[in-house]
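Visitor:
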Amino acid sequence: MKKAASIMAAILLAAALLPPAQASAAKSSSDIQQELKAVEKQAREAKQQQKAAEAQREKSSALRKAAKHDLGIVLNAINEVNSQIARVSNDITKTETGLRQAKKDLTEAQERIKAREGMIDTRVRMMYTDGMVSYLDVLMSANSFSDFVERADSLRMIVDQDQDILAQHEKDKQFVIVTQNKLKADYALAKGLYAEKAKRKGELNAKENEKQRLIAKYDLQIQNAEDTTAEQEQALWDLADKRAALYREKTSIEAQERAAAEARAAAEAAARSAASGGGGSSSGGGGGGGYQGSGSGTLSVPVSGARLSSPFGYRTNPVTGIYKLHAGVDFAAPQGTDITAADGGTVVVAGAMSGYGNAVIIDHGNGIQTLYGHIRNGGVMVQVGQSVSRGQKIAEVGSTGNSTGPHCHFEVRVNGSPVDPMGYL
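In this text, residue positions in the sequence shown follow the working numbering: the first is 1, and each later residue adds one.
(1) In angstroms, rounded to a whole number, what distance separates the CA positions of G385 and T316?
(2) Decide if V414 is buried, meaning its Cβ has at least 16 other Cβ atoms within 10 Å, or exposed.
(3) Is P318 helix, strand or coil when you go by DSSP?
(4) Tell me whether Y424 sits in a helix, a strand or coil according to DSSP, three-state version.
(5) To the nearest angstrom, how far is it from the Cα of N406 to the Cα of V349?
(6) Using the rule of at least 16 other Cβ atoms within 10 Å of the residue's Cβ for burial, across every protein chain shown, is P311 buried or exposed?
(7) Quickly, what does DSSP pair T346 with across the bridge? List them, please.
(8) Closest by CA to M422, which one among K51, N402 and D330?
(9) Taking the beta strand (DSSP E) that G379 belongs to, which residues open and close that run?
(10) What residue does the beta strand (DSSP E) around S310 start on, and which one ends it?
(11) Starting from K324, follow the beta strand (DSSP E) in both directions and report where the run begins and ends.
(12) Please identify the residue among E35, L75, S30 and R213 whose C-alpha is closest to the C-alpha of A240.
(13) Tell me whether T340 sits in a helix, a strand or coil according to DSSP, three-state version.
(14) Flag this pair as yes or no: are the beta carbons of L325 and Y424 separated by less than 8 Å?
(15) Please give the ranges of any alpha helix (DSSP H) in the region 216 to 240, keeping only runs that are unbroken, at least 4 residues long and fully inside the region.
(16) Using a 10 Å radius around the Cβ and a threshold of 16 neighbouring Cβ atoms, would you call R213 buried or exposed?
(17) Roughly how many whole angstroms lie between the Cα atoms of E40 and A395?
(18) Please report the Cβ distance between R341 and R376, rounded to the nearest whole angstrom; I am assuming they are in contact, meaning their Cβ atoms lie under 8 Å.
(19) Skipping 5 residues on each side, what residues in its chain have a beta carbon closer than 6 Å to that of D227?
(20) Assuming T346 contacts I362 under a Cβ cut-off of 8 Å, what Cβ separation, rounded to an integer in Å, is found between them?
(21) By the 10 Å Cβ neighbour count, where 16 or more other Cβ atoms means buried, how is S354 classified, buried or exposed?
(22) Would you list the residues sitting across from V412 in a DSSP beta bridge?
(23) For the beta strand (DSSP E) containing A332, name the first residue and the last one.
(24) Can you give me the C-alpha to C-alpha distance between K217 and V301, rounded to a whole angstrom?
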């Protein structure tokens with residue numbers, strides 16, 4: 001009976017040492033591991049969506065750049081056309097001046113023709129009423145040689161005058177015909193110049209409007225891609241928070257499981273000892289191995305000897321040109337410079353993260369997380385789930401992601417919201 005009582009006492013002791021969660025079939029470490037796998041899957045999907053958005057942004061940026069280049073060409077063409085239009089306008093002015101002079105000359109010629117035609121008509125009527133006078137009769141009726149000569153000179157002058165009048169009359173008629181044709185051609189030219197001016201101006205304005213429309217379209221695509229990237233970036237932060245919580249829960253459950261296993265082992269040892277009549281007691285192992293934050297409330301500078309190149313606050317992003325919050329501070333340092341953990345904690349992100357490039361996020365507990373961005377390719381020295389200590393090397397400075405030069409982008413987030421890291425360094 002004593003032996004049975006000892007065995008029962010050992011079993012009851014083991015049951016008493018088991019945590020209530022274990023006794024009621026709560027989550028196990030394998031359950032947490034499955035949840036972590038689901039989180040990792042969600043993180044991969046978010047990264048893929050980020051990459052797609054980033055690719056769309058880069059494509060839209062390239063198209064916008066090309067459209068702006070084309071617009072520059074169009075604007076240069078517009079300037080050239082404006083110069084041509086100025087020259088055309090000058091030609092039109094000259095043409096109109098010439099037209100006015102030609103019209104004046106035409107009017108004068110027509111008036112001369114009209115005057116001559118009146119004189120010729122009068123002369124013809126006189127010849128018709130008085131009859132034709134023979135030039136020979138005039139000469140033969142001379143009284144003397146001198147009279148004959150005078151009559152001959154007078155007749156020659158009359159004949160010459162008639163011929164000159166007829167020649168001038170014919171010349172003015174030809175001038176009228178030529179001038180009228182020239183006026184018609186010049187009017188057609190002026191009309192064509194005005195039409196060409198309007199056509200070229202209309203075409204170029206249409207091209208300019210089209211380019212402006214395309215630029216606006218690409219700007220919208222870039223903004224949408226930026227919004228998608230920001231959404232997925234926030235999703236990754238949320239997943240990092242969830243991952244950190246799961247790691248803490250996993251650590252706690254593993255500690256409970258170890259304690260329960262040690263209690264069971266101690267109970268079984270006590271039962272065996274009681275069964276064999278021995279009275280020795282076993283020394284139970286301690287329950288350790290979980291995440292232990294420093295709890296100091298202060299952080300160390302992640303890059304020793306670095307220069308602060310950009311503070312926390314709103315600014316125009318030097319890569320995207322968008323005015324938005326710069327959620328951390330930048331420490332400029334040569335490529336490959338060591339980056340160390342600002343405090344002890346658990347790594348919840350270690351890899352590519354959109355605009356951050358290669359990044360590491362450490363959860364320090366108490367709602368505090370730190371991010372280290374733009375790490376060089378091959379420069380991430382830790383893995384997700386790894387515990388790190390304050391000052392431990394976790395990465396190396398690079399210029400991946402949206403970066404204009406080698407530096408470490410350092411963020412501090414409290415309960416998911418970015419705060420100025422300078423208050424913690």
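Beta carbons: idealized from backbone N, C-alpha and C, even for Gly.
Guide: The relevant details are as follows:
(1) Cα atoms of G385 and T316: separation of roughly 35 Å, rounded to the nearest angstrom.
(2) By the 16-neighbour rule on beta-carbons within 10 angstroms, V414 is exposed.
(3) Per DSSP, reduced to three states, the secondary structure at P318 is coil, with no helix or strand assignment.
(4) Y424: coil per DSSP, three-state reduction.
(5) Note on identity: in this sequence residue 406 is Pro, with Asn being the wrong assignment. So the alpha carbons of these two residues sit roughly 21 Å apart.
(6) The C-beta of P311 has fewer than 16 other C-beta atoms within 10 Å across all chains shown, which makes the residue exposed.
(7) According to DSSP, which records beta bridges pairwise, T346 is partnered with D363 and S387.
(8) Closest by alpha carbon: D330.
(9) That run of the beta strand (DSSP E) goes I368 to V380.
(10) Unbroken beta strand (DSSP E) run through S310: R307 to S310.
(11) Segment Y323 to H326, the beta strand (DSSP E) holding K324.
(12) Closest in alpha carbon position to A240, among E35, L75, S30 and R213, is E35.
(13) Strand at T340.
(14) No, these two residues do not count as a Cβ contact at 8 Å.
(15) Residue ranges of uninterrupted alpha helix (DSSP H) with 4 or more members are absent from the region 216 to 240; none lies entirely inside it.
(16) Label assigned to R213: exposed.
(17) Their backbone Cα atoms lie some 21 Å apart in a straight line.
(18) Here residue 341 turns out to be Ala, not Arg, going by the sequence shown. Contact between A341 and R376 fails: their C-beta atoms lie close to 17 Å from each other, not under 8 Å.
(19) Cβ within range, chain order: n/a, list empty.
(20) About 7 Å; that satisfies the 8 Å criterion.
(21) By the 10 Å Cβ count, S354 comes out buried.
(22) Residue pairing by DSSP places V412 opposite T370 and V419 in a beta bridge.
(23) Its beta strand (DSSP E) spans residues V329 to A332.
(24) Whole-angstrom Cα-Cα distance: 43 Å.
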